[in-house]
Structures are given as structure tokens and as C-alpha cells.
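Residue numbers (my numbering), protein chains in the order written: chain D, 20 to 154; chain B, 20 to 154. Every residue, glycine too, gets a C-beta built ideally from N, C-alpha and C. Because the structure is a prediction, the values reported are computed rather than measured. Here is the structure we will look at.
Protein chains: 2
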Amino acid sequence: MSTNGPVSRHTRQKDAVLQQLRECEDFVSAQELHRRLESAGSGIGLATVYRRLNALAQSGSADTVRLDGQQMFRICEDSRHHHHLICENCGKTVEIEPPDEDWLRKIASAHGFTMSSHTVEVFGLCGECQKKLGK
Amino acid sequence: MSTNGPVSRHTRQKDAVLQQLRECEDFVSAQELHRRLESAGSGIGLATVYRRLNALAQSGSADTVRLDGQQMFRICEDSRHHHHLICENCGKTVEIEPPDEDWLRKIASAHGFTMSSHTVEVFGLCGECQKKLGK
DNA sequence: TTTGCTGCAAACCTTTTGCACCTAT
DNA sequence: ATAGGTGCAAAAGGTTTGCAGCAAA
Numbered sequence: 020m021s022t023n024g025p026v027s028r029h030t031r032q033k034d035a036v037l038q039q040l041r042e043c044e045d046f047v048s049a050q051e052l053h054r055r056l057e058s059a060g061s062g063i064g065l066a067t068v069y070r071r072l073n074a075l076a077q078s079g080s081a082d083t084v085r086l087d088g089q090q091m092f093r094i095c096e097d098s099r100h101h102h103h104l105i106c107e108n109c110g111k112t113v114e115i116e117p118p119d120e121d122w123l124r125k126i127a128s129a130h131g132f133t134m135s136s137h138t139v140e141v142f143g144l145c146g147e148c149q150k151k152l153g154k
Numbered sequence: 020m021s022t023n024g025p026v027s028r029h030t031r032q033k034d035a036v037l038q039q040l041r042e043c044e045d046f047v048s049a050q051e052l053h054r055r056l057e058s059a060g061s062g063i064g065l066a067t068v069y070r071r072l073n074a075l076a077q078s079g080s081a082d083t084v085r086l087d088g089q090q091m092f093r094i095c096e097d098s099r100h101h102h103h104l105i106c107e108n109c110g111k112t113v114e115i116e117p118p119d120e121d122w123l124r125k126i127a128s129a130h131g132f133t134m135s136s137h138t139v140e141v142f143g144l145c146g147e148c149q150k151k152l153g154k
């Protein structure tokens, strides 16, 4: 028996997407990443960017968040579980570490559920944007 | 001074959407709700369903969650803040009450953020689906 | 040589919008 | 009569997919 899938090939496009994603501080959309790749001179199809990004997200190498009607991606170097604090204005992101996730599991099992995943996302304004927007 | 917006009118369509939404145990998509309204004999435009659902969500009368690439809505009778435990297989939903949300605010301000909103969503399998899927 | 990957464009889907008409108030 | 609400169809996005050609292994 072999549960191995097809062998993955190494391509210029894969590298480019990964590298460009690594240069992003915060979450970027596929469209935006594609735009940056273009202006960086890497001619890569939008479809490929989507395919790569989805693959990265699925394998856990990238985090994703939905914001403004689009999926945002971010490289995830350490695969430890973490959550996000996201500025609604500029997109600045900080990873946060919930002090205790046990209660989630407890709550789940209290309702007869098994917990396979969960998300904690905090939205707000970062310091700079608070000033900028005069709030 | 009057911050009052335009006066809201009472219509057959508003009633129908609200009533149909009330009959849903769990989250439904706009499309699905529209489908149900149709088979219930209420001829209501899809656009109107979207407009109503969005209005309800904005006013806090409905919760929303994003699942499977679409926005899901659920009537929210008590407007207290709460979160969800969602079965990934059948969509069954349970409202959960986080024991302490103060740490979220603390974490936010520790990073210079103001917190405007947050989401906690727990995904897993409910008891029935665990058996059904033989997990 | 094989076959996974890519690019392109078309297809998809959900959601939003413009606008003329309808109808509570 | 006034103006908010509705329906329809078109438009708008973002994202996926079919397929022929390209290029790793």
C-alpha cells in the first residue's frame, strides 16, 4: 500500500510565490501577491498563484483569514497553533497566543462534539491607524 | 438634531424572510433561504433576501459565519455576545459562551490596538456525525 | 519520455447594484 | 403624494477549472 500522492516538482513559480509571500509582513490576498510578483518582474499566472497559495494553506505552511470578501494569506513559519490580531484599516497583523485553549475542548465535548479546529480572530485598529483616523 | 435614518417600512417580504429564518435551527446561506422561501410559496427576489439578511446581520439580529465560501446566517434572538460550535459535517450549531473575554482586550491593548470585534469559532463533528462517519 | 505544473481564458458562484415599478405610510 | 422597498437582470468580484503546451525528473 502506498498513500503517497504524486511527486511534487520544483518550479520557478513555486519558489517565486513562496519567496514573495515571505517578504510580506502581514496578510495579503492572492490578487495582491500576484500584483507584487508582476511588478517584481516574475511573470506568473494568477491561477498559479491561487493554486500555490491554496496548497500552502492546506499543508499548514500558510495561515488564512477572510477579510473584506477575500481570502488573505500569510506565511506561517512556525506551525505552532496561534491566532491573530488584525488591524481593520491597514491590515497589520500580530500573532497572539491564547493563554488557555482547554476550555474550548471542554465546551466542545460537553456538547458531544469532537474539536477538529477553531479560530480566534480579533479585529480592531492598530495604534497608527487610531491616530490617522482621529479616533 | 436627528440622527434618525429613514423610517423603516413593514412589508410582506421582510416578514417572510424573518419568519423563514426563525424556522432554521442552524446557519443557512442566503441562497438556501431563498430556495426555502420559494418552495414555501413566497415569491421573493434573491436580491431582497440578501438585503434583508444583511440588514439583520448589521443590526445584530442575526449572526453570521463564513463557511464553504459563503456567508451563513442565523437568527439571533438574544443579542448577548456569544460564539459558535459548528459541526463541519451537518452544520449543527451550538452557541457557546466564552468564560472570559477580558484577555482578548488586554492582549489587544498590549499591542496598541483597540478591539472592535472578535470571533471565536470552533469546528468539529457533532456526536451523530461522529457515529455516522465512523470516527 | 513521462506526467506534474503552468498559463490562459472561460466558467463559476456568491453577492451587489442600477433602475423602474410598487406600495406602505 | 412621497419615498422606502422590491424584483429583475446585469455587473462585479474573487476563485476555480479545462485544456493544451511546457518542462522537471
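Cβ separation of residue i and residue j, assumed to be a contact under 8 Å, to the nearest whole Å
i	j	result
L123 of chain B	M134 of chain B	6 Å
G110 of chain D	F46 of chain D	6 Å
E140 of chain B	I105 of chain B	7 Å
N39 of chain D	A59 of chain D	Per the sequence shown, the amino acid found at residue 39 of chain D is Gln instead of Asn. Confirmed, about 7 Å.
A76 of chain D	F92 of chain D	6 Å
Best match in the options for proximity to residue i [C-alpha to C-alpha]
i	options	result
R31 of chain B	B:S48, B:L52, B:T67, B:A49	B:T67
S80 of chain D	D:G60, D:I63, D:H101, D:L86	D:H101
T112 of chain D	D:H53, D:E44, D:L72	D:E44
H137 of chain B	D:I126, D:E51, D:R54, D:V84	D:V84
Q50 of chain D	D:E42, D:I115, D:L65	D:L65
I115 of chain D	B:K125, B:E96, B:R71	B:K125
K33 of chain D	D:Y69, D:A127, D:P25	D:Y69
N108 of chain D	D:S27, D:A129, D:L152, D:V36	D:L152
G62 of chain B	B:E147, B:V36, B:L86, B:R28	B:V36
R71 of chain B	B:S27, B:L86, B:S128	B:S27
C148 of chain B	D:F132, D:D82, D:Q149, D:C148	D:F132
C95 of chain D	D:K150, D:H53, D:R41	D:R41
S128 of chain D	B:A129, B:H130, B:G146	B:G146
H103 of chain D	B:K150, B:P25, B:R55, B:H130	B:H130
D82 of chain D	D:H29, D:R54, D:K150, D:S48	D:S48
F142 of chain D	D:L86, D:R55, D:K150	D:L86
Reduced DSSP secondary structure (H/G/I, E/B, other) of residue i
i	result
R55 of chain D	helix
R28 of chain D	coil
L152 of chain B	coil
E42 of chain B	coil
S21 of chain D	With a pLDDT of 49 at S21 of chain D, under the threshold of 50, the modelled position of this residue cannot be trusted, and the question is left open.
Cross-strand partners of residue i (DSSP beta bridge)
i	result
F142 of chain B	D:S136, B:I105
R85 of chain D	D:Q90
V47 of chain B	B:F92
Host beta strand (DSSP E) of residue i (start-end)
i	result
V113 of chain B	112–115
Unbroken alpha helix (DSSP H) run spanning residue i, endpoints
i	result
S128 of chain B	121–129
L65 of chain B	65–77
Any non-hydrogen atom of the ligand GTP closer than 7 Å to residue i Cβ
i	result
L52 of chain B	By its list of ligands, the structure shown contains no ligand whatsoever, and the ligand GTP lies outside what it can speak to.
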